[in-house]
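A quick write-up on the structure given underneath.
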Amino acid sequence: MNSETVVTVLCGLAILVGVAGTVIPVLPGSILIGASLLAWAIWGGAGTAGWVVFAVAMLFVAAGMAASAVLTGRKLKQHAIPSHSIVAALVAGVIGMFIIPVVGLFVGFAAGLLLSEFLRTRNIGRAATSSWAALKATGLGMLAEFGLASLAASTWVIGVWIAAAGG
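74 is the number that full-length UniProt numbering gives to position 74 of the sequence shown; each next residue is one higher, with no gaps.
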């Protein structure tokens with residue numbers, strides 16, 4: 001097995017982890033995909049095709065990161081949800097990850113968000129409504145980033161096929 005094959009396999013695994021990381025917050029996401037694409041362009045042996053794939057796929061990665069931030073931020077601002085509630089939810093999610101295997105991150109995030117919003121509003125109905133809006137906004141952002149990360153990964157796969165056919 002030559003070095004280009006090793007680089008391609010390792011980059012493929014890292015891209016797979018990166019795509020998963022767009023929906024599983026404890027894994028690295030889009031940034032890992034971008035770094036893997038760059039590594040493959042440099043050391044993957046695809047030549048010019050590797051750089052074209054890198055450029056096109058990085059457009060998808062950047063669009064995904066921007067879409068996630070913009071969609072989530074806009075919805076949170078619409079519902080007047082302060083950033084400290086999201087930080088509290090993230091902390092509770094990390095704690096939940098260690099308490100409840102597999103789903104603890106999501107349960108902890110939702111519970112932390114609801115508790116933080118309840119402490120802020122002193123009304124369980126309003127807290128539940130704003131928490132649900134924040135969860136939907138976060139999910140929408142994750143979905144957009146996941147979709148565009150998947151497009152970046154697909155672009156890389158097509159690039160690998162083209163490089164293999166030409167090489």
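The C-beta atom is built at its ideal place from N, Cα and C for all residues, glycine as well. Everything numeric in this text was worked out from a predicted model, so none of it was measured.
### Task
Using a threshold of 8 Å, state whether the C-beta atoms of I33 and A152 are closer than that.
Here residue 33 refers to the residue found at position 33 of the sequence shown. Here residue 152 refers to the residue found at position 152 of the sequence shown. Yes.
#### Entry: CB-CB length for T8 against W40, believed under 8 Å
Residue 8 sits at position 8 when you count from the first residue of the sequence shown. Residue 40 sits at position 40 when you count from the first residue of the sequence shown. 6 Å between Cβ atoms; contact.
### Message
Using only the alpha-carbon positions, how far apart do A165 and G21 sit?
### Response
Translated into the one-based positions of the sequence shown, residue 165 becomes position 165. Translated into the one-based positions of the sequence shown, residue 21 becomes position 21. In a straight line, the C-alpha of A165 is about 30 Å away from that of G21.
### Query
Looking at A127 and A111, is the spacing between their C-beta atoms short of 8 Å?
The residue labelled residue 111 in the question sits at position 111 within the sequence shown. The residue labelled residue 127 in the question sits at position 127 within the sequence shown. No, the Cβ-Cβ distance between A111 and A127 is not below 8 Å.
#### Entry: Touching by the beta-carbon criterion (3+ pairs, under 8 Å), the stretch 40-50 and the stretch 61-73
Verdict: no, contact absent.
### Task
Assuming A63 and G159 form a contact by the criterion Cβ under 8 Å, report the distance between their Cβ atoms to the nearest whole angstrom.
Position 63 of the sequence shown, counted from the first residue, corresponds to residue 63. Position 159 of the sequence shown, counted from the first residue, corresponds to residue 159. A63 to G159, Cβ: 18 Å. No contact.
### Message
Does G139 come out as helix, strand or coil in the three-state DSSP assignment?
### Response
In the sequence shown, the residue the question calls residue 139 occupies position 139. Of the three classes helix, strand and coil, the one that applies to G139 here is helix, per DSSP.
### Query
When the Cα of S85 is compared with those of A163, R120, M142, L37, which residue comes out closest?
The count along the sequence shown starts at 1 and reaches residue 85 at position 85. Check the Cα spacing between S85 and each of A163, R120, M142, L37: the tightest is with R120.
### Query
For A80, which option in A57, A137, L38, N2 has the closest C-alpha, if you only look at C-alpha atoms?
If you number the sequence shown from 1, residue 80 lands on position 80. Nearest to A80 by alpha-carbon distance, out of A57, A137, L38, N2, is A137.
#### Entry: Secondary structure of R122, DSSP reduced to three states
One-based indexing of the sequence shown puts residue 122 at position 122. The answer is coil: DSSP assigns R122 none of H, G, I, E or B.
### Query
Distance, Cα to Cα, F60 vs G147?
Counting from 1 along the sequence shown, the entry for residue 60 is found at position 60. Counting from 1 along the sequence shown, the entry for residue 147 is found at position 147. One C-alpha to the other measures close to 9 Å.
### Query
DSSP three-state call for G47: helix, strand or coil?
What you label residue 47 is simply residue 47 of the sequence shown in a count that begins at 1. Three-state result, G47: coil.
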